[in-house]
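Here's the structure, in structure tokens; my notes come after.
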Amino acid sequence: MKVRDLMSYPIATVLPEDTVLEAIRRMVGEKKGSMLVARDGLLKEGLGIVTTSQIFQKVFSQGLDPSRVKVMDIMTPAPLITIDLDATTKEAARLMQEHNIRRLPVVKNGALVGIITSKDLLRCVE
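Remember, the working numbering sits 768 above the position in the sequence shown when you count from 1.
See below:
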């Protein structure tokens with residue numbers, strides 16, 4: 769099976785200068801556990817990824833105000849580990865395991881086209 773068959777799209781994104789509170793609201797509204805930090809949905813011009821785990825570790829556990837902290841201050845910066853649209857799900861699983869990550873931005877010719885998560889990969893074993 770190919771990554772293209774399981775990936776999610778369109779991609780949920782936030783801007784680096786958005787506040788963490790704005791990112792949380794988008795995550796809740798779109799039912800996402802992460803957001804790519806990008807401009808115009810382009811990872812090559814984008815900056816990284818922000819996850820709920822990072823928000824808890826770097827904002828709430830530190831007692832910081834999410835309306836004052838910028839996404840750029842807590843995100844995992846680019847370059848991110850990515851996978852090609854035509855790669856296999858086996859390759860995606862190997863990359864996730866090798867790098868201890870749960871999300872892979874999916875690219876085609878360097879442009880961001882989707883995201884595949886460990887949860888997506890579990891769907892193909894059902």
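Backbone N, C-alpha and C fix where the C-beta goes; we use that ideal spot for every residue, glycine too. Please read all numbers here as calculations on a predicted model, not as lab measurements.
Point to revise | Beta-carbon proximity of residue 872 to residue 850, cut-off 8 Å | key: yes
**Study point:** Residue of 865, 775, 791 and 781 minimising C-alpha distance to residue 835
**Key:** It is 791 whose Cα lies nearest to the Cα of residue 835.
Review point. Comparing alpha-carbon positions, which option in 852, 776, 777 and 789 lies nearest residue 840?
Key: 789
Point to revise | Bounding residues of the beta strand (DSSP E) (the contiguous stretch that carries residue 804) | key: 802 to 805
Check your understanding: So residue 819 is in the alpha helix (DSSP H); what residue range does that whole segment cover?
Key -> Taken as a continuous stretch (DSSP letters only), residue 819 belongs to no alpha helix (DSSP H), being part of the beta strand (DSSP E) at 816 to 819.
Check your understanding: Name the DSSP bridge partner or partners of residue 879?
Key -> 876
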